[in-house]
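In full-length UniProt numbering, the protein residues as written are 1 to 368.
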């Protein structure tokens with residue numbers, strides 16, 4: 001008991017004292033040891049009760065303007081701050097419960113538990129109000145309108161003359177819906193389960209986060225392919241690119257037809273988003289296959305050109321007949337590659353015509 005008292009006196013802070021008590025759990029249950037450190041433990045509980053009172057005062061002063069993580073959305077920021085205060089206040093309560101002794105029955109222990117119960121009640125009430133505010137924001141007419149927009153848009157350059165960047169796309173996010181996405185994602189990370197409402201079950205199950213993640217993957221993959229596409233490759237994959245943008249068009253506003261309404265929006269059911277994702281994945285796979293074939297053919301031509309060039313310039317091969325034979329082989333190979341690529345492009349165009357016929361007016365699907 002004397003050694004434990006000496007250790008408690010030499011601890012630099014309250015958390016160290018708690019760790020020492022927990023590490024001495026095997027001996028502190030003995031009556032002689034427990035009685036010898038009882039007064040020190042009561043002082044520790046009084047200090048923790050005062051610490052909880054300080055946390056409660058901080059909450060009362062700052063809960064209107066949360067002082068952390070200003071880059072986070074407001075509701076998630078408030079709940080994260082609230083959770084942090086609650087976890088800090090809960091540490092001594094949990095420690096003394098693990099200790100399993102009679103210290104909490106002392107007057108100091110009862111005051112500490114009562115202070116935590118009052119503080120925890122304020123935290124629960126604050127969380128409930130914040131979640132209700134999130135639900136009201138989610139069901140407001142402005143939020144519904146901000147989510148009923150196409151999920152994709154063509155990426156435009158900034159500056160005095162805004163122009164569409166060739167082939168690049170971006171997420172079509174309204175600032176209000178973007179804040180809702182961030183709030184919902186953060187609340188899901190914190191483990192909050194919102195009670196479902198009949199008219200907004202999809203949103204409250206955080207399907208908007210699923211939609212945001214899936215569409216974000218499509219945008220990143222499409223822009224990566226477009227940025228790596230070489231000018232010499234574009235004519236050979238034009239049909240596949242047109243096919244890809246035909247699939248993506250159901251999720252983008254048509255500049256030539258602004259009254260179009262049957263596009264895929266953030267408010268669309270999760271099943272529609274998933275089906276759209278699967279179709280785009282198939283288009284990506286087909287485009288990647290064509291790109292690999294074109295790249296292989298172009299690389300083969302480059303290798304033959306390099307071989308012919310080295311034969312003439314570096315090896316000083318003075319045999320015109322051999323040079324002529326190599327040149328003829330190169331021309332034959334280029335002709336063969338050209339025929340093969342043009343045949344495949346023609347097949348793709350014919351397949352694309354079939355798709356266009358299937359997507360004629362009257363055969364369009366409602367993606368909403």
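Ideal Cβ positions, reconstructed from N, Cα and C, are used throughout, including at glycine.
Best match in 36, 287 and 248 for proximity to residue 233 [C-alpha to C-alpha]: 287
With burial defined as no fewer than 16 other Cβ atoms inside 10 Å of the residue's Cβ, what is the status of residue 19: buried or exposed? exposed
Identify whether residue 12 lies in helix, strand or coil by the three-state DSSP scheme. coil
May I have the straight-line CA-CA distance separating residue 114 from residue 146, to the nearest angstrom? 46 Å
Could you name the residues of the same chain whose beta carbon sits closer than 6 Å to that of residue 30, not counting the 5 residues immediately before and after it, in chain order? none
Indicate whether the contact test is met: 3 or more Cβ pairs, each with one atom in the region 43-50 and one in the region 109-123, closer than 8 Å. yes
Per DSSP, what are the beta-bridge partners of residue 150 in this structure? 265
Tell me, please, whether the region 90-97 touches the region 7-18 by the rule of three or more beta-carbon pairs shorter than 8 Å. yes
DSSP on residue 170, reduced to helix/strand/coil? strand
Note down, in chain order, each residue of its chain lying with its Cβ closer than 6 Å to the Cβ of residue 41, except the 5 sequence neighbours on either side. 103
Mind checking residue 55: buried by the 16 CB within 10 Å criterion, or exposed? buried
Spatial distance of residue 252 from residue 263 (CA atoms): 7 Å
Report the option in 344, 78, 345 and 175 whose CA atom is closest to the CA atom of residue 124. 78
Looking at the secondary structure, which residues open and close the alpha helix (DSSP H) in which residue 109 lies? 107-139
So residue 232 is in the alpha helix (DSSP H); what residue range does that whole segment cover? Residue 232 -> no alpha helix (DSSP H), and no H or E assigned at all.
For residue 289 and residue 354, the rounded distance between their alpha carbons: 20 Å
Relative to the alpha-carbon of residue 276, which residue among 341, 293, 244 and 106 has its alpha-carbon at the smallest distance? 244
Where DSSP assigns a beta bridge to residue 252, which residues make up the other side? 152
Member of 214, 133 and 220 whose CA lies at the smallest distance from the CA of residue 183: 133
Verify the CB distance criterion: does residue 283 have a CB-CB separation below 8 Å to chain D? Although the question refers to chain D, the structure presented lacks it and comprises just one protein chain.
Using a 10 Å radius around the Cβ and a threshold of 16 neighbouring Cβ atoms, would you call residue 58 buried or exposed? exposed
Separation of residue 148 from residue 349, as counted between CA atoms: 34 Å
For residue 315, which residues in the same chain have their Cβ closer than 6 Å to its Cβ, ignoring the five residues on either side in sequence? Any answer about residue 315 is weak, because its pLDDT of 46 lies below 50 and its placement is not dependable; what the coordinates show is given next. If we look at residue 315 and ignore the five residues flanking it on each side, it has no Cβ neighbours.
From the DSSP output, in three-state form, read off residue 349 for me. helix
Pick out whichever of 85, 109 and 341 has its Cα sitting closest to the Cα of residue 38. 109
Less than 7 Å between C-beta atoms, sequence neighbours within five positions excluded: which residues of the same chain meet that for residue 44? 14 and 17
Within 10 Å of its beta-carbon, does residue 112 have 16 or more other beta-carbons around it, so buried, or fewer, so exposed? buried
Determine the contact status of residue 32 and residue 99, defining contact as a CB-CB distance below 8 Å. no
Going by DSSP in three states, residue 286 sits in which element: helix, strand or coil? helix
Sequence-distant residues of the same chain with beta carbon closer than 8 Å to residue 364, five excluded per side: Unreliable placement is indicated for residue 364, whose pLDDT of 47 sits below 50; the coordinate value is still reported in the next sentence. So the list reads 262, once near-sequence residues are dropped.
Could you spell out where the alpha helix (DSSP H) holding residue 396 opens and where it closes? Beyond the ends of the chain as shown, which are 1 and 368, falls residue 396; an answer cannot be given.
Residue 100 - DSSP class collapsed to helix/strand/coil: coil
Burial state of residue 283 (16 or more Cβ within 10 Å): buried
Compare the C-alpha of residue 235 against each of 169, 60 and 295 and name the closest. 295
Taking residue 126 as the reference, which of 143, 150, 62 and 171 has the closest Cα? 62
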